[in-house]
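Taking it in order: structure first as structure tokens, then the write-up.
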Amino acid sequence: PGDRHRRVVDIDRQRRVVEASWALVEHDLQGLGHAMFLEIFRIAPEALKLFSFKDGENIADSPALQTHGVLVMTTVGEAVAGLKDMPSLVPILKELARRHSNFDVLPEHFPIVGRALMTTLETGLGDAWTPEVAMAWNVVWETIEGIMVPALLELRFFEEVKGDKDTKEDEESRADVEASKVESKGTKGEDEDPESKVAKGTEDDGAKGEEDESHRLVRESWIHVADDVEVYGLHFFLKIFEMEPKLLNLFSFRYLSPPLYHTSIVHRTADSEGIFE
Numbered sequence: 132p133g134d135r136h137r138r139v140v141d142i143d144r145q146r147r148v149v150e151a152s153w154a155l156v157e158h159d160l161q162g163l164g165h166a167m168f169l170e171i172f173r174i175a176p177e178a179l180k181l182f183s184f185k186d187g188e189n190i191a192d193s194p195a196l197q198t199h200g201v202l203v204m205t206t207v208g209e210a211v212a213g214l215k216d217m218p219s220l221v222p223i224l225k226e227l228a229r230r231h232s233n234f235d236v237l238p239e240h241f242p243i244v245g246r247a248l249m250t251t252l253e254t255g256l257g258d259a260w261t262p263e264v265a266m267a268w269n270v271v272w273e274t275i276e277g278i279m280v281p282a283l284l285e286l287r288f289f290e291e292v293k294g295d296k297d298t299k300e301d302e303e304s305r306a307d308v309e310a311s312k313v314e315s316k317g318t319k320g321e322d323e324d325p326e327s328k329v330a331k332g333t334e335d336d337g338a339k340g341e342e343d344e345s346h347r348l349v350r351e352s353w354i355h356v357a358d359d360v361e362v363y364g365l366h367f368f369l370k371i372f373e374m375e376p377k378l379l380n381l382f383s384f385r386y387l388s389p390p391l392y393h394t395s396i397v398h399r400t401a402d403s404e405g406i407f408e
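Numbering (the working numbering) for the sequence shown: 132 to 408.
Now the structure itself:
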């Protein structure tokens, strides 16, 4: 209990540090956004191709860059304000990931943006950028990244699955057409044995019935999961890390102190199961 209390206190202190430092610079969202994007393009020039203003003659003076910079910094401000209410912030960040999935944004772009944001804040805050402030902001960024990257990957996964499914259905449709042509040629003028027809129909009906029953069971069981998907997701990942602790190194939230899954929001949803005891 003592360790848990300290973890929650640490998170609350980091949140207050971030809120206080953001209050010092939020009056200049345009300047912050402009500086951050120039830093992004300095670190990774190839990132420019992802933006509509990529073909402009003077990128630094681009009105589109200025506008986009303000939008991004507004989102940062919303994230800072949302730290008090993580359940409400999570869907906002997931929706942001969904919108960015349409613009070829990749998981490897997030560390670049995070690095540019830290540099921009350090410059803007000057002497107020202390080691504690830097640590708190890194925790915030890792939290944002830890929510958006999985959401982005999930979207990409389902898009690929849908694409594969559509391709497979097209191939199966063409195969069925060809098979029908062959069967039509081979059986033209011949009557199929009535007993064979009955046996084939019974076999098809049985297979279809088993498939329908399996689908029904999956749908009914998923209803219970969908009502509390965050808790089930938490349990899923904790079980992964319990079985193979080294796998934590594959995730962006591995650097969080305390880890993302030890935050107060997670405790509120998971305490009933005693998984942190």
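Glycine is no exception: its CB is placed at the ideal position from the N, C-alpha and C atoms. From a predicted model like this one, the values you see are computed outputs, not experimental measurements.
Between the alpha carbons of residue i and residue j, how many angstroms are there, rounded?
{"i": "V270", "j": "E342", "result": "47 Å"}
{"i": "L284", "j": "I243", "result": "17 Å"}
{"i": "L196", "j": "K370", "result": "44 Å"}
{"i": "G340", "j": "E351", "result": "17 Å"}
{"i": "D182", "j": "I278", "result": "The sequence given here places Phe at residue 182; Asp does not occur at that position. C-alpha separation (whole angstroms): 23 Å."}
{"i": "L378", "j": "V362", "result": "20 Å"}
{"i": "R146", "j": "E209", "result": "13 Å"}
{"i": "E253", "j": "Q161", "result": "16 Å"}
{"i": "L163", "j": "E344", "result": "57 Å"}
{"i": "I275", "j": "E375", "result": "25 Å"}
{"i": "F367", "j": "P262", "result": "34 Å"}
{"i": "H346", "j": "D358", "result": "19 Å"}
{"i": "K180", "j": "I171", "result": "12 Å"}
{"i": "L410", "j": "D186", "result": "The structure shown has nothing for residue 410, since the chain only spans 132 to 408."}
{"i": "V264", "j": "E373", "result": "32 Å"}
{"i": "E150", "j": "L214", "result": "9 Å"}
{"i": "F168", "j": "G364", "result": "34 Å"}
{"i": "L220", "j": "R230", "result": "16 Å"}
{"i": "W260", "j": "W353", "result": "47 Å"}
{"i": "S193", "j": "K225", "result": "28 Å"}
Let me check understanding here. Comparing Cα to Cα, which of the options lies closest to residue i?
{"i": "A212", "options": "S152, E263 and A259", "result": "S152"}
{"i": "L237", "options": "A195, P281 and G208", "result": "P281"}
{"i": "P218", "options": "V360, L378 and F368", "result": "V360"}
{"i": "D143", "options": "F182, E209, A267 and F172", "result": "A267"}
{"i": "I174", "options": "G257, L163, M374 and F241", "result": "F241"}
{"i": "E273", "options": "F288, A191, A166 and R246", "result": "R246"}
{"i": "A228", "options": "P262, E188, R287 and D216", "result": "R287"}
{"i": "G255", "options": "F368, R347 and A166", "result": "A166"}
{"i": "T206", "options": "I223, K215, D216 and P194", "result": "I223"}
{"i": "E177", "options": "M204, S193 and E239", "result": "E239"}
{"i": "M204", "options": "W260, F184, A154 and I354", "result": "A154"}
Let me confirm a value: residue i is counted as buried when at least 16 other C-beta atoms fall within 10 Å, else exposed. Which label applies?
{"i": "H158", "result": "exposed"}
{"i": "L387", "result": "In this prediction, L387 scores a pLDDT of 49, lower than 50, which makes its location untrustworthy; the coordinate-derived value is nonetheless stated afterwards. L387 should be labelled buried."}
{"i": "T251", "result": "buried"}
{"i": "F289", "result": "exposed"}
{"i": "G200", "result": "buried"}
{"i": "A191", "result": "exposed"}
{"i": "L202", "result": "exposed"}
{"i": "L348", "result": "exposed"}
{"i": "V148", "result": "buried"}
{"i": "V156", "result": "buried"}
{"i": "V356", "result": "exposed"}
Could you pull out every unbroken alpha helix (DSSP H) segment of at least 4 residues lying fully inside the segment 178-225, listed in chain order? 194-213
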